[in-house]
């Protein structure tokens, strides 16, 4: 098992004819992902990476029965693309695009909640269930299949942590980037509960960063609902107050959202909080493999 | 994006929100002339992007045009140091000269994005004119909030309920209610991330006026508001940061001595944390992004090296989309154009890592190489110490 996506997932790519869309479509297909159609308005009938392109999501769905969509369209059109997918009946939308206006995302999120569509992102590297399905831009080869669920607000920092795990022989059930934007789809808590209920997952890694209160909410939730071990790292202890560090999410104002507040909340909830980003994999190894024997690769 | 108080007040005036009469000046003479036209007394207010101006001496009352000249001269002469500027302070290029008002009552109004509730929020308090965050901590009851459904907008009853909370008379309540509606139209219409009036003043005459104005905009939405984008004051941004922005790099100058070049904001912050853990401190945040090419890497490296505070350089790249060989070629090219007499530690991992390492090894460029973050951090610490010894 894994969460949200597996070998049966059929997906479409919105924005498939752009540079990014084309490049990652080919990478996803190479990984074994079932990309069944593409969507770019005005390009129906063309193919991109041997995938047939449609003008609208509803046409692509009617032709293929896809249940997921991954979005690469430019930021000024991305909010609309997410809503189009949801309205057409797509159940899982992954939005890679970064730079979508916050107020657009507020409206999008309301719309999706009404339709019961699940969103990952925006501003995310996507989601991967190793050896089964990749709907994202992460390098597939650093992942191995196994028992650890990874959920993160960051991109390359997630690759770093996944690499550490894989090097130690610890595979992953599913890795999800929830995105760095202030308003997005699935939260830490939404994913932690799915990992808790997933039989393949035996432990979880949570990678947070400064700004907002998602880590504090996750901490409260973990204390109440999560029994499996959780290892966490929070980036940005040295980030200056009130400066935006790349992600719209990574911004501190006032006293809330600081790394120390998040670390304290997580530690209090029983999470093993790692001080150094270099030690996340090793810490999980000690917890999940106490006698240090055997690979945890499925 | 932040704008100055005087710009925010111009926007307020254009949407019918009353502000004190005033004008902006770049010289003491100009300030004096404005005061002569307005009539004294006036307030002279430093125009910088930083809070805490009042306590730092950046807001002064002047009784005569001559005093205005002196106050402006003083404020414009030296950097303003507030709790938000850092010890070096910020240069003041303009002052706002404004007619004083007779204050009967000071209120607070703020509009912001509530991430937790995933909606816009409007907050009011009858205790304006002070540190509102302090009030929020000590007495949360003193602030009343309404959350806005984005698909509906702000219905009149919510605006009225906010105004009604402030305990004003009926005429003033109606005035504040329509002012809140105008503020929300501005907030939603121009993609603001923050609109704040502290204080909103009820004058002794009963008139309502915005004594201060703070408006921040969502950078991601500036493409649909070119008139707002044009308001950016580039003198508020450090020259290195401006240069980086032109190259599409995300650079923030910090106070430390280890320059870092990283791909991805999360990994960049984690790298800064790691530098601090080994006893050094980061000189900057520099995210070259996931899709950086050779030229961007070369530019990034040059920006990093032009900071005189940098004593050692730490390049930490986890190549996913960014290929390690492209990165290595960018570094080698940069090393050929500038003289590097600093220790450089490079940690490469990810796509095409072998080719990347080969490119670096074959060049004449001297650096220490690490295979993981822990080892890299130790090398950086040793390099900084070596230079000190």
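Protein chains in written order, with the working numbering: chain A, 1 to 298; chain B, 1001 to 1389. Ideal Cβ positions, reconstructed from N, Cα and C, are used throughout, including at glycine. Since we're looking at a predicted model, the values are computed, not measured.
Okay, do the region 1252-1268 of chain B and the region 1279-1288 of chain B touch, 3+ Cβ pairs below 8 Å being the bar? yes
Any chain B beta carbon closer than 8 Å to residue 194 (chain A): For the purposes of this step, residue 194 (chain A) is identified with residue 194 of the first chain, where counting begins at 1. Not closer than 8 Å to any Cβ of chain B, the Cβ of residue 194 (chain A) fails to qualify, so no.
Just checking: is the beta-carbon of residue 172 (chain A) within a distance shorter than 8 Å of some beta-carbon in chain B? In the first chain, residue 172 (chain A) corresponds to position 172, counting from 1. Not one chain B Cβ lies under 8 Å of residue 172 (chain A).
Give me the subset of the region 1345-1375 of chain B whose CB atoms are less than 9 Å from a CB atom of chain A, sorted by chain position. 1349, 1350, 1351, 1372, 1373, 1374, 1375
Whose C-alpha, out of A:103, A:139, A:120, is nearest the C-alpha of residue 191 (chain A)? Here residue 191 (chain A) refers to the residue found at position 191 of the first chain. Among A:103, A:139, A:120, the Cα nearest to that of residue 191 (chain A) is on A:120.
Taking DSSP as the reference, what is the three-state secondary structure of residue 106 (chain A)? As a working note, residue 106 (chain A) is residue 106 in the first chain. The answer is helix: DSSP assigns residue 106 (chain A) an H, G or I state.
Name the residue from B:1276, B:1328, B:1273 whose alpha carbon lies nearest to the alpha carbon of residue 1298 (chain B). Looking up residue 1298 (chain B) in the second chain gives position 298. Of the candidates B:1276, B:1328, B:1273, the one whose C-alpha sits nearest the C-alpha of residue 1298 (chain B) is B:1328.
Looking at the structure shown, is residue 19 (chain A) part of a helix, part of a strand, or coil, going by DSSP? In the first chain, residue 19 (chain A) corresponds to position 19, counting from 1. Correct three-state label for residue 19 (chain A): helix.
Can you tell me which of the three DSSP states residue 219 (chain A) falls into? Start at 1 with the first residue of the first chain, and residue 219 (chain A) comes out as number 219. Correct three-state label for residue 219 (chain A): helix.
On the DSSP bridge assignment, give the partners of residue 1111 (chain B) in chain order. Translated into positions along the second chain, residue 1111 (chain B) becomes position 111. Residue 1111 (chain B) pairs with B:1122, B:1195.
For residue 1002 (chain B), the residue or residues it bridges with in DSSP: For the purposes of this step, residue 1002 (chain B) is taken as the residue at position 2 of the second chain. Paired residues: B:1216.
With DSSP as the reference, please indicate the residues paired to residue 1062 (chain B) in a beta bridge. By one-based count along the second chain, residue 1062 (chain B) stands at place 62. Looking at the DSSP assignment, residue 1062 (chain B) forms a beta bridge with B:1042.
Check whether residue 1084 (chain B) and residue 1054 (chain B) have beta carbons under 8 Å apart: For the purposes of this step, residue 1084 (chain B) is taken as the residue at position 84 of the second chain. For the purposes of this step, residue 1054 (chain B) is taken as the residue at position 54 of the second chain. Their beta carbons are not under 8 Å apart, which means residue 1084 (chain B) does not touch residue 1054 (chain B) by this criterion.
From residue 253 (chain A) to residue 211 (chain A), what distance separates their C-alpha atoms? Translated into positions along the first chain, residue 253 (chain A) becomes position 253. Translated into positions along the first chain, residue 211 (chain A) becomes position 211. Any reading at residue 253 (chain A) must be qualified, since the residue scores a pLDDT of 43, below 50, and its modelled position is unreliable; the value itself is stated next. If I take the Cα positions, the gap works out to 8 Å.
For residue 1229 (chain B), the nearest candidate out of B:1240, B:1216, B:1155, B:1241 (CA to CA): As a working note, residue 1229 (chain B) is residue 229 in the second chain. Residue B:1216 is the option with its Cα nearest to residue 1229 (chain B).
Going along the chain, which unbroken runs of the beta strand (DSSP E) with 3 or more residues stay wholly within the region 1245-1279 of chain B? 1250-1253, 1258-1262
8 Å Cβ cutoff met for residue 1115 (chain B) and residue 182 (chain A): Residue 1115 (chain B) sits at position 115 when you count from the first residue of the second chain. Residue 182 (chain A) sits at position 182 when you count from the first residue of the first chain. When the beta-carbon positions are compared, residue 1115 (chain B) and residue 182 (chain A) come within less than 8 Å of each other.
DSSP state of residue 1233 (chain B) mapped onto helix, strand, coil: As a position in the second chain, residue 1233 (chain B) is number 233, starting the count at 1. Residue 1233 (chain B): coil per DSSP, three-state reduction.
Opening and closing residue of the alpha helix (DSSP H) in which residue 82 (chain A) lies: For the purposes of this step, residue 82 (chain A) is taken as the residue at position 82 of the first chain. 75-88 is the extent of the alpha helix (DSSP H) around residue 82 (chain A).
Between the C-alpha atoms of residue 1241 (chain B) and residue 1250 (chain B), what's the straight-line distance to the nearest angstrom? Reading the second chain from its first residue, position 241 is the one you call residue 1241 (chain B). Reading the second chain from its first residue, position 250 is the one you call residue 1250 (chain B). Taking the straight line joining both Cα atoms gives about 8 Å.
For residue 1109 (chain B) and residue 1125 (chain B), the rounded distance between their alpha carbons: Residue numbering aside, residue 1125 (chain B) sits at position 125 when the second chain is read from its first letter. Residue numbering aside, residue 1109 (chain B) sits at position 109 when the second chain is read from its first letter. Rounded to the nearest angstrom, the two C-alpha atoms are 7 Å apart.
Taking the continuous alpha helix (DSSP H) assigned at residue 32 (chain A), which residues delimit it? The residue given as residue 32 (chain A) occupies position 32 in the first chain. No alpha helix (DSSP H) contains residue 32 (chain A), which DSSP labels as neither H nor E.
Pick from B:1244, B:1322, B:1267, B:1272 that is closest to residue 1304 (chain B), judged by C-alpha positions: Along the second chain, read from residue 1 onward, the residue named residue 1304 (chain B) stands at position 304. Among B:1244, B:1322, B:1267, B:1272, the Cα nearest to that of residue 1304 (chain B) is on B:1244.
Closer than 8 Å by C-beta to residue 1208 (chain B): which residues in its own chain qualify, once you throw out the five before and the five after it? Chain order, please. The residue labelled residue 1208 (chain B) in the question sits at position 208 within the second chain. Short of 8 Å from the beta carbon of residue 1208 (chain B), and not among the five residues preceding or following it, lie these beta carbons of its own chain, in chain order: 1018, 1172, 1175, 1176, 1179, 1200, 1201, 1202.
Are any of the Cβ atoms in chain A nearer than 8 Å to that of residue 1157 (chain B)? Taking the second chain and counting its residues from 1, one reaches residue 1157 (chain B) at position 157. Residue 1157 (chain B) does not count as touching chain A.
Helix or strand or just coil, what does DSSP make of residue 1308 (chain B)? Reading the second chain from its first residue, position 308 is the one you call residue 1308 (chain B). Coil, per DSSP.
Can you round the beta-carbon distance between residue 37 (chain A) and residue 66 (chain A) to whole angstroms, since I take them to be within the 8 Å contact cut? Residue mapping note: residue 37 (chain A) aligns to position 37 of the first chain, counting from 1. Residue mapping note: residue 66 (chain A) aligns to position 66 of the first chain, counting from 1. About 6 Å separates the two Cβ atoms, so the contact holds.
Of all the CB atoms in chain A, is at least one closer than 8 Å to the CB of residue 1054 (chain B)? Counted from its first residue, the second chain places residue 1054 (chain B) at position 54. False, the Cβ-Cβ gap to chain A never drops below 8 Å.
When we look at the beta-carbon of residue 6 (chain A) and count the other beta-carbons within 10 Å, is it buried (16 or more) or exposed? The residue labelled residue 6 (chain A) in the question sits at position 6 within the first chain. So residue 6 (chain A) counts as exposed.
Using a Cβ-Cβ cut-off of 8 Å, state whether residue 1296 (chain B) counts as contacting chain A. Position 296 of the second chain, counted from the start, is the residue given in the question as residue 1296 (chain B). No, because no Cβ of chain A sits closer than 8 Å to the Cβ of residue 1296 (chain B).
Is residue 1166 (chain B) helix, strand or coil by DSSP? For the purposes of this step, residue 1166 (chain B) is taken as the residue at position 166 of the second chain. Note: residue 1166 (chain B) maps to coil in three-state DSSP.
Ranges of the beta strand (DSSP E) found wholly within the region 117-161 of chain A, counting only runs of at least 3: 118-120, 126-129, 133-136, 145-152
Tell me which residues share the same chain as residue 1003 (chain B) and place their Cβ nearer than 7 Å to its Cβ, disregarding the 5 neighbours each side in the sequence. As a first step, residue 1003 (chain B) must be located in the second chain, where it is residue number 3. Taking C-beta separations shorter than 7 Å and ignoring five residues to either side along the sequence, the partners of residue 1003 (chain B) in its chain run 1215, 1231, following chain order.
Where does residue 1021 (chain B) fall in DSSP's three states? The residue labelled residue 1021 (chain B) in the question sits at position 21 within the second chain. In this structure, residue 1021 (chain B) counts as coil in the three-state DSSP scheme.
Any idea which residues DSSP pairs residue 1282 (chain B) with across the strands? The count along the second chain starts at 1 and reaches residue 1282 (chain B) at position 282. According to DSSP, which records beta bridges pairwise, residue 1282 (chain B) is partnered with B:1258.
Where residue 1362 (chain B) and residue 1074 (chain B) are concerned, what is the direct C-alpha to C-alpha distance, given to the nearest angstrom? Locating residue 1362 (chain B) in the second chain gives position 362, where the first residue counts as 1. Locating residue 1074 (chain B) in the second chain gives position 74, where the first residue counts as 1. So the alpha carbons of these two residues sit roughly 58 Å apart.
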